[in-house]
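Quick note, the sequence shown lines up with residues 659 to 1099 if you use the working numbering. Here's the structure we're looking at; comments come further down.
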Amino acid sequence: MSERNVAPNNLEAFWMPFTANRQFKSSPRMLVGAQDMHYTTSDGRKVLDGTAGLWCCNAGHGRPKIVEAIQKQAAELDYAPAFQMGHPKAFELAARLAAKLPKPLDHVFFTNSGSESVDTALKIALAYQRQIGQGTRTRLIGRERGYHGVGFGGISVGGIVANRRTFGTMLTGVDHIRHTHDIARNAFTRGEPEHGAEFADDLISVINLHDPSTIAAVIVEPVAGSTGVLIPPKGYLKKLREICDKHGILLIFDEVITGFGRLGTPFATDYFDVVPDLITTAKGITSGVVPMGAVFCSSDIYNAFMTGPENMIELFHGYTYSAHPLACAAALGTLDTYEEEGLLTRAADLASCWEDAVHSLKDCPHVIDIRNLGLIGAIELEPIDGQPTKRAFSAFLEAYERGIMIRTTGDIIAMSPPLIISEAQIDELIGTLRDVLKAID
């Protein structure tokens, strides 16, 4: 078929990601504009963004400094190779980002997504162990229900069954520890659960099974987001850090969701006062405006590679679009916006209001648990017998019709609004969601 015969509104050619394609194409939900806290639909309605796009638009939509930075950069320098070449904004951005991390996390490797950040961090961990003479350390440890993107590395260490089951054996030499979700003891907890720090001892069992000399790194999300907002029990992350330190294992925090103000601190490492060896980020680094990711690593890791002849490449890894000029410009504009408006800590001011609002839904039909931390919240619904995910998906569709955007995973409703949300908009979001929950079966 020639291009001239393809209707401009034809929906069939686009195979949509993580989407029920047939359902969508039978009843499309089209977004044509966005500003601050709202999307505009193709039929002219305003939809309150309760999910920061896809956990990423932390500064909201259409923010002037970000838009202007991209426009100016496109006219000035549209692309520059990152292999053996550089451009000033890449180095400026890396320095500004490193300044926001606790020591010794002071080096940045740029990627284009969370998935690439995860694969990059895993490769750095493996290469580092070999670089320091620990080449037997090739095993990677993830966690059940973990989400670390969709590359083969990410789905290998990840623990969401639907993301793994159809893709073969994936990476070898990977094991998993238990997730921390425990409704029986922690249902309707406000903030960090009291029970469950002992789940970290699972790592000791895995270490004893495989021997520590075979394990390179452990990767976890400080708050498991995409699986339905699983908050770590008090003391859990500190125990993981202690176990890794004892056995010479690197600890990787996947902060693709928790980074850039989501918990009321710049990063989750600040919130929980636990410093990993590597951090993966993306999403909020540009407020979702241009694809970008980054891996932060300690100076010890970086310096371990800075040996041998100076003309030799130290790490054979990278991407064509690493530190893309437009992405760097967007990230710098995003950092300016965060800093000028205090957005990296604003969630701390709103956390109490958010917590009360989210937990006010406890009496709604079918609600079996509510979880929250910073500006993240989840409402877990009782599944319909024999039809898992249907109840939450019905809530998603009803919410869109009523003018709010929520996200669902399984039978869990997840929310993570832009950090610019007002208390009145929190009330609107949660009030509308209450009506949604009363309306669905």
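Ideal placement from N, C-alpha and C gives every residue a C-beta, glycine not left out.
Exposed unless 16 or more other CB atoms sit within 10 angstroms - verdict on E856: Numbered from its first residue, the sequence shown carries residue 856 at position 198. With fewer than 16 other Cβ atoms within 10 Å, it is exposed.
Beta-ladder partner(s) of S956, from DSSP: Position 298 of the sequence shown, counting from 1, holds the residue named residue 956. L763.
Three-pair Cβ contact test at 8 Å for the segment 880-891 versus the segment 986-1001: Contact between the segment 880-891 and the segment 986-1001 is absent, because fewer than three Cβ pairs lie under 8 Å.
Outcome for R823 when other beta-carbon atoms lying within 10 angstroms are tallied against a minimum of 16: Translated into the one-based positions of the sequence shown, residue 823 becomes position 165. Under this definition R823 is an exposed residue.
In DSSP terms, what I1034 is bridged to: Along the sequence shown, one-based indexing puts residue 1034 at 376. For I1034, which the question treats as bridged, DSSP gives the partners L1031.
Through-space distance from A752 to T978, alpha-carbon basis: As a working mapping, residue 978 is identified with position 320 in the sequence shown. As a working mapping, residue 752 is identified with position 94 in the sequence shown. A direct Cα-Cα distance of roughly 18 Å separates T978 from A752.
Closest Cα partner of N961 within the set V878, F672, E997, I782: The residue given as residue 961 occupies position 303 in the sequence shown. That would be I782, whose Cα lies nearest to the Cα of N961.
C-beta atoms of G831 and R797 nearer than 7 Å: As a working note, residue 831 is residue 173 in the sequence shown. As a working note, residue 797 is residue 139 in the sequence shown. With respect to R797, G831 sits close: the two C-beta atoms are nearer than 7 Å.
Own chain partners of S871 with C-beta closer than 7 Å, once the 5 adjacent residues on each side are dropped: The count along the sequence shown starts at 1 and reaches residue 871 at position 213. Around S871: T794, R795.
Nearest-angstrom Cβ-Cβ length linking G807 and S771, presumed shorter than 8 Å: Translated into the one-based positions of the sequence shown, residue 807 becomes position 149. Translated into the one-based positions of the sequence shown, residue 771 becomes position 113. Their Cβ separation, rounded to whole angstroms, is 7 Å, which keeps G807 and S771 in contact under 8 Å.
Whole-angstrom distance between H834 and V864, CA atom to CA atom: Taking the first residue of the sequence shown as position 1, residue 864 is located at position 206. Taking the first residue of the sequence shown as position 1, residue 834 is located at position 176. Distance between the alpha carbons of V864 and H834: 8 Å.
Expected contact under 8 Å - CB spacing of V705 and M1063 to nearest Å: For this step, residue 705 is matched to residue 47 along the sequence shown. For this step, residue 1063 is matched to residue 405 along the sequence shown. With a Cβ gap of about 5 Å, V705 and M1063 count as contacting.
Alpha carbon of R703 to alpha carbon of H696, nearest angstrom: Within the sequence shown, numbered from 1, the residue matching residue 703 stands at position 45. Within the sequence shown, numbered from 1, the residue matching residue 696 stands at position 38. Distance between R703 and H696, taken at the CA atoms: about 10 Å.
Option nearest N668 by Cα separation, candidates A882, F682, T677: Here residue 668 refers to the residue found at position 10 when the sequence shown is read from its first residue. For the residues A882, F682, T677, the minimum Cα distance to N668 belongs to F682.
From M950, L921, S956, residue whose alpha carbon lies closest to that of D935: Counting from 1 along the sequence shown, the entry for residue 935 is found at position 277. If we check each option's Cα against that of D935, S956 comes out closest.
Collapsed DSSP secondary structure at G791 in the structure displayed: Counted from its first residue, the sequence shown places residue 791 at position 133. Looking at G791 - three-state DSSP - the assignment turns out to be coil, as it is neither helix nor strand.
Status (buried if at least 16 other CB within 10 Å, exposed otherwise) for L689: Residue mapping note: residue 689 aligns to position 31 of the sequence shown, counting from 1. Exposed, by the Cβ-count rule.
Counted within 10 angstroms of its Cβ, other Cβ atoms place Y737 as buried (16 or more) or exposed: Translated into positions along the sequence shown, residue 737 becomes position 79. Exposed, by the Cβ-count rule.
Rounded C-alpha distance that separates I901 from G966: Position 243 of the sequence shown holds residue 901. Position 308 of the sequence shown holds residue 966. Cα-Cα distance, rounded: 32 Å.
Simplified DSSP assignment, three categories, for H696: Here residue 696 is taken as the residue at index 38 of the sequence shown, counted from 1. Note: H696 maps to strand in three-state DSSP.
Candidates V815, F911, A987, L1033: closest to A733 by CA position: Residue numbering aside, residue 733 sits at position 75 when the sequence shown is read from its first letter. Of V815, F911, A987, L1033, the residue nearest in Cα terms is A987.
DSSP state of R801 mapped onto helix, strand, coil: Taking the sequence shown and counting its residues from 1, the one referred to as residue 801 is at position 143. R801: strand per DSSP, three-state reduction.
Between the CA atoms of A671 and R662 - distance to the nearest angstrom: Residue mapping note: residue 662 aligns to position 4 of the sequence shown, counting from 1. Residue mapping note: residue 671 aligns to position 13 of the sequence shown, counting from 1. Because R662 sits at a pLDDT of 49, beneath the cut-off of 50, its placement in the model cannot be relied upon, and the following sentence gives the value as read from the coordinates. One C-alpha to the other measures close to 15 Å.
Cβ pair count under 8 Å reaching 3, the segment 1004-1015 against the segment 740-755: No, the segment 1004-1015 does not touch the segment 740-755.
Segment limits, alpha helix (DSSP H) that includes F1054: Within the sequence shown, the letter at position 396 stands for residue 1054. That run of the alpha helix (DSSP H) goes 1048-1059.
M659 versus G1089 - alpha carbon distance: Residue mapping note: residue 659 aligns to position 1 of the sequence shown, counting from 1. Residue mapping note: residue 1089 aligns to position 431 of the sequence shown, counting from 1. Confidence at M659 is low in this model, with a pLDDT of 38, below 50, so its placement is unreliable and the value that follows should be read with caution. Going from the Cα of M659 to the Cα of G1089 covers about 49 Å.
Nearest residue (CA-CA) to D958, options S1080, P722, H765: Residue mapping note: residue 958 aligns to position 300 of the sequence shown, counting from 1. D958 has its Cα closest to that of H765, out of S1080, P722, H765.
3-residue-minimum beta strand (DSSP E) runs that sit fully inside the segment 675-734, ordered along the chain: 689-693, 696-699, 704-707
Same chain, Cβ closer than 7 Å to Q1083, five either side skipped, listed in chain order: Walking along the sequence shown from the start, residue 1083 turns up at place 425. Excluding positions up to five away in sequence, the list reads M695, L706.
Status (buried if at least 16 other CB within 10 Å, exposed otherwise) for G816: Position 158 of the sequence shown, counted from the start, is the residue given in the question as residue 816. The residue is buried, with at least 16 neighbouring Cβ atoms inside 10 Å.
I937 beta carbon less than 7 Å from that of E968: Counting from 1 along the sequence shown, the entry for residue 968 is found at position 310. Counting from 1 along the sequence shown, the entry for residue 937 is found at position 279. No; because the gap between Cβ atoms is not below 7 Å, this pair is not in contact.
Simplified DSSP state of V819, which is helix, strand or coil: The sequence position of residue 819 within the sequence shown is 161, counting from 1. Three-state DSSP puts V819 in a helix.
Whether D1021 touches A1050 by CB criterion (7 Å): For the purposes of this step, residue 1021 is taken as residue 363 along the sequence shown, with counting starting at 1. For the purposes of this step, residue 1050 is taken as residue 392 along the sequence shown, with counting starting at 1. Not in contact: D1021 and A1050 (Cβ atoms no closer than 7 Å).
Classification of N1030 by the beta-carbon crowding that lies within 10 angstroms, buried from 16 upward: Sequence index remark: in the sequence shown, residue 1030 carries index 372 (1-based). Per the 10 Å Cβ criterion, buried.
Residues of its chain near A845, where Cβ-Cβ distance is below 6 Å and the 5 sequence neighbours each way are ignored: What you label residue 845 is simply residue 187 of the sequence shown in a count that begins at 1. Same-chain partners within the cutoff: D1027.
Among S980, H975, A874, the one whose alpha carbon lies nearest that of R788: Here residue 788 refers to the residue found at position 130 when the sequence shown is read from its first residue. Nearest C-alpha to R788: A874.
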